[in-house]
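First the structure, in the form of structure tokens, and then the observations on it.
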Amino acid sequence: MADRFPSIEDIDAGESDVRPQSGGGGGDFLERERAALGDDADLFASNDAPKQAATNVGPGGSITNTTNQNTSSYTNYTPQTQPTDSEPVRAWREKRSADLQRRDAASQSKKDETIATAQKDIDSFYESYNRKTDKQKAQVKKEAEEFLAKREDTTAGGTSWERIAKLVDLSGKGQVGGGEGSSKKRMRELLVSLKGDKDAPAATVA
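So in full-length UniProt numbering the end of the sequence shown lands on 206, straight run, no missing numbers.
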């Protein structure tokens with residue numbers, strides 16, 4: 001490499017131009033560099049370095065016209081578009097959606113109507129039940145008052161047979177009242193006769 005530059009004697013003689021490199025090849029330059037480094041040349045070698053092609057090595061060892069071997073591995077990506085529905089399919093989807101909405105609305109209306117009818121029936125039932133309960137309470141109260149009045153009446157006034165007759169049914173109707181064909185008919189007739197006889201046995205006056 002030193003032979004490219006003029007010596008001191010040449011400079012004193014007026015020659016200062018740099019001599020052109022002999023051989024000009026990049027391979028000769030690398031060989032000379034390796035020869036200058038000697039055994040240390042292997043320390044600077046790297047197998048991992050990307051390889052580049054040099055078409056020319058200029059003066060001073062500068063490399064020109066390099067071609068970058070690294071090319072992009074990415075390709076143009078075009079996103080896949082969803083296929084659009086045809087007109088008949090789109091019309092069918094719209095009709096189906098409208099039918100489902102109409103069915104849901106009809107079902108909800110029917111449900112609301114059923115709930116309203118059931119609530120009305122429940123209210124009517126409790127209203128009727130309360131009326132019947134109030135009526136039964138009034139009837140029981142009335143019968144209780146009548147019973148107490150009769151009980152007080154049987155403890156005073158008239159003969160003992162008259163008071164006894166007030167405690168039993170002497171209407172002569174049915175089995176209880178001693179009607180025709182009943183087993184209590186004879187007893188009813190006996191009590192009726194004793195009730196009307198102040199001189200009957202044990203007919204004490206209260």
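Where a beta carbon is used, it is the ideal one built from N, C-alpha and C, also for glycine.
Rounding to the nearest angstrom, what Cα-Cα distance links residue i and residue j in this structure?
i: Thr55; j: Arg32; result: Because Thr55 sits at a pLDDT of 49, beneath the cut-off of 50, its placement in the model cannot be relied upon, and the following sentence gives the value as read from the coordinates. Roughly 18 Å separates the two Cα atoms.
i: Ser107; j: Gln101; result: 10 Å
i: Lys120; j: Arg93; result: 41 Å
i: Lys195; j: Thr159; result: 7 Å
i: Asp104; j: Lys95; result: 14 Å
i: Arg131; j: Arg151; result: 30 Å
i: Glu143; j: Ser182; result: 27 Å
i: Leu148; j: Thr117; result: 47 Å
i: Pro50; j: Ala36; result: Here Pro50 scores only 47 on pLDDT, less than 50, and its place in the model is too uncertain to base an answer on.
i: Lys185; j: Ser193; result: 13 Å
i: residue 222; j: Ser86; result: In the structure as shown, the chain begins at 1 and stops at 206. Residue 222 is therefore absent and cannot be evaluated.
i: Thr84; j: Arg90; result: 9 Å
i: Lys141; j: Leu191; result: 30 Å
i: Gln139; j: Asp99; result: 60 Å
i: Arg163; j: Gly174; result: 22 Å
i: Arg178; j: Glu189; result: It is worth fixing the name first, because residue 178 is Gly in this sequence and not Arg. Distance between the alpha carbons of Gly178 and Glu189: 8 Å.
i: Met187; j: Glu146; result: 25 Å
i: Thr204; j: Asp197; result: 11 Å
i: Pro88; j: Ser97; result: 14 Å
i: Ala200; j: Val176; result: 25 Å
i: Glu180; j: Phe125; result: 44 Å
i: Gly172; j: Ala202; result: 24 Å
i: Ser128; j: Ile122; result: 10 Å
What first and last residue would you give for the alpha helix (DSSP H) that runs through residue i?
i: Leu194; result: Lys185 to Lys195
- request: Please confirm if the segment 162-170 is in contact with the segment 121-141, defined as three or more CB-CB distances below 8 Å between the two stretches.
  value: At 8 Å Cβ cutoff, the stretches do not touch.
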